[in-house]
Amino acid sequence: MQNAWNYKKFEIQEGLKPGSKTFRYFFKVLDSGQKKCNYCVWILDDALTRFDASKDFNAIVASRRDAWHEWVKAKIDDGDFRNRALKIEQSGEQEINLSDLSDHVTVD
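Sequential numbering of the sequence shown, starting at 212, is according to the numbering used here.
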């Protein structure tokens, strides 16, 4: 994970999934050093240009980080500690439960 910050009693570690050719940005929420859950932002390839014409992952993160932090804070405020992903496609976005996926994606 590239960055870490605190919200309420939780530590949040965040960063791009190492080596991924697709956009996967993870937030690992820790409670007293123990993993509580993961939140993730997935941007499908066809939607990348909505955020950066050159499809530069770091530029996308820089432009959206504050909004994604607010999403994570809202999940914590709501007590929603399910593993969730904000999946962004050309046609819009939807929140999905990562635990329901058959091809479970890990942070590492």
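Backbone N, C-alpha and C define an ideal beta-carbon position, used for all residues, glycine too.
Problem set entry | Residues of its chain near residue 275, where Cβ-Cβ distance is below 8 angstroms and the 5 sequence neighbours each way are ignored | 252, 262
Exercise. How about residue 255 and residue 247: do their beta carbons lie closer than 8 angstroms?
Worked result: no
Problem set entry | Minimum C-alpha distance to residue 222 - residue among 273, 236, 244 | 244
For this session: Determine the direct distance from the alpha carbon of residue 260 to that of residue 286, and round the result to whole angstroms.
Result: 27 angstroms
Problem set entry | Distance CB(residue 257)-CB(residue 300) smaller than 8 angstroms | yes
Exercise. With which residues is residue 224 paired in a DSSP beta bridge?
Worked result: 215, 239
For this session: Output yes or no for whether 8 angstroms exceeds the beta carbon distance between residue 272 and residue 250.
Result: no
Problem set entry | Own chain residues within Cβ distance below 6 angstroms of residue 309, not counting five before or after | 294, 296
Exercise. Cα-Cα, which of 265, 279, 264 is closest to residue 237?
Worked result: 279
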